[in-house]
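Reading through the structure tokens given below for one structure.
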Amino acid sequence: MEVAGDVSGLPVVQARLPHSTLYGSPEDVQAVREGDQVIVTWNRVDMTLDDDRGYLIEATVCQNGTLVWIAIQTNENYHEFTDEQNCSGASNGKLYTVEKHGYTDLVEIPWP
0 MEVAGDVSGL PVVQARLPHS TLYGSPEDVQ AVREGDQVIV TWNRVDMTLD
50 DDRGYLIEAT VCQNGTLVWI AIQTNENYHE FTDEQNCSGA SNGKLYTVEK
100 HGYTDLVEIP WP
């Protein structure tokens, strides 16, 4: 497939995730910086095996002097990010529990 055009001309759309209240949001969310590495941890949310889809992290991190938005799916209760400290804006992140029906309320990550 070939695509022609300038991607930067596309509008940014904030999609709403399907919401679920079957399970709770992650608790005890913490983040620790070690140089350009940020390690985010949280307490595991107990879910049935058929519902469990892990966790979603939406983060804005500094890479090569530019803030970059990324989405991470993980089945672990931690994730390590490379987040340089030379951007003009602040890095940040949100964490969700994911189950087969949707996403829990977000938890703001206390980004160091």
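The sequence shown begins at 0 in numbering that gives the first Met the number 0 and counts up by one. In this text, a Cβ means the ideal position worked out from N, Cα and C, and glycines have one as well.
Less than 7 Å between the beta carbons of valine 60 and aspartate 35, yes or no? No. Outside cutoff.
In this structure, how does DSSP classify glycine 88 when only helix, strand and coil are distinguished? In this structure, DSSP gives glycine 88 a state outside helix and strand, which the three-state scheme calls coil.
Looking at the structure shown, is glycine 8 part of a helix, part of a strand, or coil, going by DSSP? Note: glycine 8 maps to helix in three-state DSSP.
Where arginine 43 sits in the DSSP three-state scheme: In the structure shown, arginine 43 sits in coil (DSSP, three-state: anything other than H, G, I, E or B).
Any idea which residues DSSP pairs histidine 18 with across the strands? The partner list for histidine 18 (beta bridge, DSSP) reads Tyr102.
Beta-carbon proximity check, valine 97 vs leucine 48, cutoff 7 Å: In this structure, valine 97 sits away from leucine 48, with a CB-CB distance that is not shorter than 7 Å.
Please confirm if the stretch 89-96 is in contact with the stretch 4-14, defined as three or more CB-CB distances below 8 Å between the two stretches. No, they do not touch.
Glutamate 107: which of Val28, Glu75, Asp45 and His78 sits nearest, CA to CA? For the options Val28, Glu75, Asp45 and His78, the alpha carbon positioned closest to that of glutamate 107 is the one of Val28.
Go through its chain and collect everything with a Cβ distance to aspartate 51's Cβ below 7 Å, but skip five positions before and after it. So the list reads Glu98, once near-sequence residues are dropped.
According to DSSP, is isoleucine 108 part of a helix, a strand, or is it coil? Isoleucine 108 falls in the coil class under three-state DSSP.
How big is the Cα-Cα spacing for phenylalanine 80 and glycine 23? Those two C-alpha atoms are separated by around 24 Å.
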